Each structure stands twice: as structure tokens, then as C-alpha cells.
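Take a look at the structure below.
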Ligand SMILES: Nc1ncnc2c1ncn2[C@@H]1O[C@H](COP(=O)(O)OP(=O)(O)O)[C@@H](O)[C@H]1O
Ligand SMILES: CCCC(=O)OP(=O)(O)O
């Protein structure tokens, strides 16, 4: 029996899974890297040996070797804007993932590790619906400052998989119906999905509501003053806004469950911040519905926060006048990665070529 190895690196852990070619998830684990094992590196790519060794040792623990696999698929990554789909990790894609030309993100390591391991086994490596896919329409890109365009960074992998799943389960038409999807994890991606395409999105790193650890959209003058305060290097300021803001900065935790406990215990400040997060998510959903001229089959809430009864009822109270709210809590990125690779292995799709698909 031959298997597909799936690799999904996050900031402190690496999710791994092994699927049989019959689509059975034989093993699925989260490798938690020891505290300190990933820190102390200037660049995420320097974490490569630690993560690769941890994955190899996990594979050995299952009694398997590289020769047991027919393909390896990794979550990738921030590369140049490309259309969605399953990509063969060739040399050009590998070097853009490795050099982090656009910006660094742990998910870049998915494609890199997949390629290195696949090369040594003489098989192919793939990435599927990476975070830098770009399906934004031309209107959505325009800003009031020529030279600065809105761009697309989003949880494409989970969003596409979730829309496919809701369509299967509810009998909606993936290519014909419109949806608003809000992926609410550590980062948020909220936007209209038309004919299966995410045609606008807040950009999980740079805009939208305040998030568990990201600032979201901020008043411009405040950001400019911060940038010129002399307190931060560029990289440091970006890290502050994208990893150390949001709930974490206001309340000392990025864990919504802890925030809800604080609210239960009567913490009024926690309630203000958490409710503000919900209010801004609801407004972003409303904006996405307007982009669809109100023709919305369903509003889909997914990601870790879709487990929260508090947050989903708050959001529903704001937006269910638009369309029914469907909850798909958590994410199923490992299966989505496997299925993207399987569509190629089964000959249903031809793997995309990175350089041919670069949009800009
Ligand atoms: N059962 C739950 N109830 C409320 N919030 C949850 C639950 N599970 C996860 N979350 C929250 O979702 C956020 C992270 O979502 P998740 O999708 O796990 O993130 P990541 O993007 O890191 O995979 C955190 O704020 C976490 O506390
Ligand atoms: C940068 C867009 C995707 C994203 O935010 O991923 P994570 O939530 O995994 O950081």
C-alpha cells in the first residue's frame, strides 16, 4: 500500500497526517516543538532541520519509510500571487518559498519540507490553495493612494474546502451560488465567495476586524506615528501588529476560551473588547454581502471561533437578516491538502505550474 504524507507547519507546531490512496486518514498528529526549539532563529527557513527531523522521526515511529509514499503535500505558503489549485513544487516555487520573497510565514516550510523529502524518495511534492492565492476582483484592489493596492492573503485552503463541504451537505451549487465566508482562527479571512472564488478579502495579516493576535485595520495616523516613533525596526513593528496585537494586547491572551471565562467572571473590559471583535466581524460580513449585492445563499462561519456559542450567537444576531448562518467549526486543512493532491494523483486535475500562474 502506498500513502500520501501531509505536512502543515504552524508557528509553534507541525501538523502531520498520512492518508491511504483510498482517502483514509491512517495517522494524524500535531508535533508540538519543544519550547525554544524554534525560537532563536532569525528566519523561519532556519527552522527547517528541526522540523524535518521531527517529521522523519514521526514517520519512523509509524514503522514507515520514505519508500512507502506516492506523494507529499505541504501547506504553502506566501509566494507571489497565483491562482488557486494544486501546484507541483518545482525549483522556481521551491526557491520563492525558501527565500520568502514576499514575507515570511511558517506555512512556507510545508512546501519546502515536502519537496526535500519527495526528492529523496523520487516522488512529487505539491502545495494546495496556498495563502497567497489571489482571486480578488479588480475593483477590490483599488485604494485611494496610487501605488498602494489592496492584496490578497487569506485562508484559501480552508475556505474552499468548507464551501465545497457545505455545498455537498446542503445541496448548494459550488460554481453557481454565492456565499460569505468568515474564517475565524488566530487570523481572520472574511469575504464574498462567488462561483467558488474568493473575490475580495480583508487580508488576514493587514486589515479587517481586530483578531486574537492581529490588529486588523487601524487609523492611518496612529500607524504612521508608530512607524516614526523610533521605537521599532520595520520587522519588529510588523510582528507587533500581526502577532502581538488584538485580544492578546488588550487582554493578555489570544485564547477566546479564556476571554469568555473572564467575561463569565464579570470582567467588563474583556466583554467590551470581545464584543467589539464580534461587531467588527459582523460589519466585515455585511461588507462582503454588499459586494455580492445581497445575493447570498449562506453565511459560513468557520475556524476555531466557530466553536464558540457566545461568538456565533453574537454574530448571528447581527447578520442573519442577510442569509442563514451555517457553522463549520475548526478547520480540515489536512484533508483539504490530501484531497488537492489526490485530484492530481487520480488525473482529475493537472498540477499547476507556478511560474505560468503568477498574476502580478
Ligand atoms: N471551543 C472553542 N471555543 C471558543 N473559542 C475557541 C474554541 N476553540 C478554539 N477557539 C479559539 O479560536 C482561536 C484560534 O482558532 P484556530 O482556528 O484554532 O487557530 P489557528 O489559526 O491557530 O489554527 C483562538 O482564539 C481559540 O481560543
Ligand atoms: C497570512 C494569511 C493566512 C494566515 O493568517 O494563516 P495563519 O492563521 O495560519 O497564520
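In my numbering, the protein residues as written are 396 to 755. Even for Gly, the Cβ is constructed at its ideal location relative to N, Cα and C. Bear in mind the structure is a predicted one, so any value in this text is a computation, not a measurement.
Item                                                                                                                              : Value
Residue 599 Cβ short of 7 Å to ligand 2 heavy atom set                                                                            : yes
Residue 403: CB within 7 Å of a non-hydrogen atom of ligand 1                                                                     : no
Outcome for residue 578 when other beta-carbon atoms lying within 10 angstroms are tallied against a minimum of 16                : buried
Inter-stretch contact at 8 Å, needing at least 3 Cβ pairs: the region 732–740 / the region 611–618                                : no
Three-state secondary structure assigned by DSSP to residue 598                                                                   : coil
Alpha helix (DSSP H) segment containing residue 503, residue limits                                                               : 503–516
Closer than 7 Å: residue 423 CB and nearest ligand 1 heavy atom                                                                   : no
Proximity test, residue 470 beta-carbon vs ligand 1 heavy atom, cut-off 7 Å                                                       : no
Range covered by the beta strand (DSSP E) that runs through residue 444                                                           : Careful: residue 444 lies outside any beta strand (DSSP E), inside the alpha helix (DSSP H) at 443–456.
Cβ neighbours of residue 524 in the same chain (closer than 6 Å, five flanking residues each side left out)                       : 479, 551, 552 and 555
Given residue 707 as reference, the closest of 670, 739 and 486 once Cα atoms are compared                                        : 670
Secondary structure, beta strand (DSSP E): runs of 3+ residues fully inside the region 654–732                                    : 693–698 and 720–724
Exposure of residue 532, with buried meaning 16 or more beta-carbon neighbours within 10 Å                                        : exposed
Endpoints, the beta strand (DSSP E) within which residue 636 is located                                                           : First-last for residue 636: 629–638, but that is the alpha helix (DSSP H), not the beta strand (DSSP E).
Chain-order list of residues whose beta-carbon lies under 6 Å from that of residue 699 (same chain, five-residue window excluded) : 580
Nonlocal neighbours in the same chain, by C-beta distance under 8 Å from residue 690, ignoring five residues either side          : 573
Any heavy atom of ligand 1 within less than 5 Å of residue CB: hits in chain order                                                : 580, 581, 607, 650, 651, 652, 698, 699, 700, 702 and 703
Nearest-angstrom Cβ-Cβ length linking residue 489 and residue 507, presumed shorter than 8 Å                                      : 7 Å
Continuous beta strand (DSSP E) assignments of at least 3 residues falling wholly in the region 519–552                           : 519–523
Residue burial classification, residue 534 (beta-carbon count within 10 angstroms, cutoff 16)                                     : exposed
DSSP beta-bridge partners of residue 467                                                                                          : 400 and 520
Contact between the region 738–749 and the region 701–715 (3+ Cβ pairs under 8 Å)                                                 : no
Beta-carbon spacing of residue 548, residue 600 below 8 Å                                                                         : yes
Own chain residues within Cβ distance below 7 Å of residue 752, not counting five before or after                                 : 477 and 478
Contact between the region 646–661 and the region 622–636 (3+ Cβ pairs under 8 Å)                                                 : no
Which of helix, strand or coil DSSP assigns to residue 489                                                                        : helix
Beta bridge counterpart(s) of residue 647 as assigned by DSSP                                                                     : Looking at the DSSP assignment, residue 647 forms no beta bridge with any residue, so it has no partner.
N- and C-terminal bounds of the beta strand (DSSP E) containing residue 622                                                       : Looking at the DSSP string, residue 622 is not in any beta strand (DSSP E); the run it does join, the alpha helix (DSSP H), is 615–622.
Closest Cα partner of residue 715 within the set 694, 685, 728 and 643                                                            : 694
Cβ-heavy atom distance, residue 497 to ligand 2, below 7 Å                                                                        : no
Integer-rounded CB distance, given that residue 484 should sit under 8 Å from residue 520                                         : 4 Å
Limits of the alpha helix (DSSP H) - the one that residue 749 falls within                                                        : 749–752
With 16 other Cβ atoms within 10 Å as the buried cut-off, status of residue 603                                                   : buried
Heavy atom of ligand 2 within 7 Å of residue 526 beta-carbon                                                                      : yes
Inter-stretch contact at 8 Å, needing at least 3 Cβ pairs: the region 452–469 / the region 430–444                                : no
heavy atom of ligand 2 below 7 Å from residue 547 C-beta                                                                          : no
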